[in-house]
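Each residue of the sequence shown is one higher than the one before, starting from 787 at the first, in the working numbering. C-beta: ideal position from N, C-alpha, C; glycine also. Keep in mind that this is a model prediction, so the values were computed, not measured.
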Amino acid sequence: RGLEYDLLMAYEAYLNRGPRKQRYETHLTFIPMPFSDILPKLQAGYGDIAASGFTITPEREAMVDFTSPYINNVKEILVSSKDAEPIEKLADFSGKQIIVVSNSSYIIHLEAINQTLGRLGLPPMEIVKADPLIESEDILELINEGIYQYTVVDNHIAYIWQRVLDNIQLHENMIIHHDSNIGWAIQKNNPKLKASLNDFIQAYAQPGRFLGNAIYQKYFKNTYWIEKPLTHDLLKRVHCLKYYFQRYAEFYGFDWKLIAALAYQESRFDPNKRSHAGAIGIMQVKPSTARDRNVNLPNIKDLETNIHAGVKYLAFLRDRYFSSNDYTPEEKDNFTLAAYNAGPRKVLQLQQKTKQLGLNPYKWFYNVETTARQVIGHETVNYVTSIQKMRIFLDASKRLDQNKRLYLEKTVSENEFFKEDDTP
């Protein structure tokens, strides 16, 4: 779901308007893929419309055509954590580290600033390209937690998230790029599709039109659709459970942060949670699974045993079903997570269907994931994505611990210096 989805579903309804007997039913099929792959795949004919909040830039217009904008006059602005060192002029960017969405227009515009810094004889800023799974909204959560200090996002995104993230600061006077327009991309030399999309956008989707106003109100004025952001309290709970996650993850050959992310997805770290299906505890293990000879840890009401049982079952799924050399280590994790949620038989069936569709049955994202969305719905797709995003968040949070440790070491060192200096 989201702004793009709602607009495109409205476009589908627009195409199918009129008396039922007199129209040809048109249905849109959505193909998720990494942001960085969308325009090259569009060029190669994998789809007809690319919709992902694309800023219309000269570089992109050389590759593809764009519709009329459905969002106009966008500003790309600097956002920081509230305790970050101020950036008030261009020279202040020198030496700073700024994280942004991978392959975004933000990178192009920040690189232009780096060129200016070079002409001034100043060191460049470090531009960090986020993991392809991470979007602007996720980066703002990292800024909110102080894991990174600076980012650049579109102003309409910053405004809505400022209302739910207490520790971000919008620098509306520090505009990285202005007067940007956002539109849908299509292949070049497709005038009929372009005309159809433009007619829809101009009649219904632009701000000021009823549909456009309703959708923009939904996503850029209201906050009810935003899930509760990740918080420092969450990191403290992870720290309390880290010993168990680390112990059993290392024993069974997993990244402990993946196990922590799985536990968060299953139970929000609630050891007393019980599902309607009878699953118990932090790892949501069923008693029948815990008693199975492949796990054999029946006392799952105990916190540590529950974590042990969940990780042991996860290892069983990986080793039994996804251990061949056809899988990279990362894909073994993805398919094992999917099987933990949907069951191994269902995942194997999805792989067979994926192969029949000409996609890679040994890659989850944008391959088997696409089949899963069509065959069994969104639950397992969202499950794997959410866990991997949480793992990335926890991995990034190590920066926060490192920064705090460096600060403490610096403070202790300075204190010792002053003590020595004060000694007669």
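Residue i vs residue j beta-carbon contact at 8 Å
| i | j | result |
| --- | --- | --- |
| Phe-1040 | Ala-1049 | no |
| Gly-1064 | Pro-1057 | no |
| Asn-967 | Val-860 | yes |
| Arg-1177 | Leu-1027 | no |
| Ile-1093 | Phe-1031 | yes |
| Ser-822 | Asn-889 | yes |
| Asn-1153 | Thr-1140 | yes |
| Leu-1103 | Ala-1095 | no |
| Ile-842 | Pro-855 | yes |
| Ala-1046 | Val-1024 | yes |
| Val-939 | Leu-896 | no |
| Ser-867 | Ile-946 | no |
| Val-1071 | Tyr-1099 | yes |
| Ile-817 | Tyr-832 | yes |
| Leu-1136 | Ala-1158 | yes |
| Tyr-936 | Ala-870 | yes |
| Ile-929 | Ile-913 | no |
| Pro-820 | Pro-918 | yes |
Residue environment, residue i, which counts as buried when at least 16 other CB atoms sit within 10 Å
| i | result |
| --- | --- |
| Ala-981 | exposed |
| Leu-793 | buried |
| Thr-812 | exposed |
| Glu-931 | buried |
| Glu-798 | exposed |
| Leu-906 | exposed |
| Glu-1052 | buried |
| Asn-802 | exposed |
| Met-795 | exposed |
| Arg-1079 | exposed |
| Glu-845 | exposed |
| Ser-1109 | exposed |
| Arg-1131 | exposed |
| Gly-1144 | exposed |
| His-963 | buried |
| Pro-909 | exposed |
| Ile-920 | buried |
| Tyr-1010 | Note that Tyr-1010 scores a pLDDT of 44, beneath 50, so its modelled location is shaky and nothing firm can be said. |
| Asn-1008 | Here Asn-1008 scores only 49 on pLDDT, less than 50, and its place in the model should not be relied on; the value that follows carries that caveat. Classification for Asn-1008: exposed. |
| Gly-839 | buried |
| Lys-1087 | exposed |
| Phe-986 | buried |
| Glu-1155 | buried |
| Asp-1019 | exposed |
| Asp-924 | buried |
| Tyr-862 | Here residue 862 turns out to be Glu, not Tyr, going by the sequence shown. By the 10 Å Cβ count, Glu-862 comes out buried. |
| Ser-1061 | exposed |
Nearest residue (CA-CA) to residue i, options the options
| i | options | result |
| --- | --- | --- |
| Thr-1212 | Gln-1174, Asp-1088, Lys-1072 | In the structure as shown, the chain begins at 787 and stops at 1210. Residue 1212 is therefore absent and cannot be evaluated. |
| Met-849 | Phe-1151, Ile-972, Pro-1147 | Ile-972 |
| Glu-927 | Met-911, Ala-944, Lys-915, Val-914 | Ala-944 |
| Val-886 | Thr-902, Lys-915, Gly-831 | Lys-915 |
| Leu-1089 | Tyr-1029, Ile-913, Arg-949 | Tyr-1029 |
| Gly-969 | Glu-1155, Ile-857, Arg-1104 | Ile-857 |
| Asn-941 | Asp-1112, Lys-882, Pro-910, Leu-864 | Leu-864 |
| Thr-853 | Gln-988, Ser-880, Leu-896, Lys-882 | Gln-988 |
| Pro-1115 | Trp-1150, Asn-1085, Tyr-1034, Val-1133 | Trp-1150 |
| Gln-829 | Pro-1073, Glu-921, Asn-975 | Asn-975 |
| Gln-883 | Ala-877, Glu-862, Tyr-934 | Tyr-934 |
| Leu-903 | Tyr-892, Ser-880, Arg-949 | Ser-880 |
| Leu-814 | Ile-824, Tyr-791, Gly-831, Pro-820 | Tyr-791 |
| Lys-874 | Asp-1181, Asn-959, Arg-1060, Phe-986 | The sequence shown places Glu at residue 874, rather than the Lys named in the question. Checking every option, the nearest Cα to that of Glu-874 belongs to Asn-959. |
| Trp-1042 | Pro-820, Arg-1060, Val-1097, Ser-891 | Val-1097 |
| Lys-1118 | Ala-1076, Leu-1021, Pro-1147, Ile-925 | Pro-1147 |
| Ser-1183 | Ser-1074, Leu-1021, Tyr-1107 | Leu-1021 |
| Thr-1091 | Asp-1105, Thr-1075, Arg-1106 | Thr-1075 |
| Glu-847 | Ile-925, Ile-913, Ser-891 | Ser-891 |
| Ile-1101 | Asp-952, Tyr-1038, Asp-1181 | The amino acid occupying residue 1101 in the given sequence is Ala; Ile does not appear at that position. Of Asp-952, Tyr-1038, Asp-1181, the residue nearest in Cα terms is Tyr-1038. |
| Ile-835 | Leu-1180, Lys-978, Gln-1138, Arg-1077 | Lys-978 |
Residue-chain proximity (residue i, chain D), Cβ-Cβ < 8 Å
| i | result |
| --- | --- |
| Tyr-1099 | Of the protein chains in the structure, only one exists, and it is not chain D. |
*Answer yes if the region 1121–1137 comes into contact with the region 1157–1170, meaning at least three C-beta pairs across the two stretches below 8 Å, and no otherwise.*
yes
*Complete alpha helix (DSSP H) runs within the region 909–945 (minimum length 4 residues, chain order)*: 922–930
*Could you name each continuous alpha helix (DSSP H) segment of 4 residues or more that falls completely within the region 830–888, going from the start of the chain to the end?*
844–847
_Entirely enclosed alpha helix (DSSP H) segments - the region 1093–1150, minimum 4 residues_ = 1115–1128, 1130–1142
*In chain order, which beta strand (DSSP E) runs of at least 3 residues are fully inside the region 1027–1068?*
none
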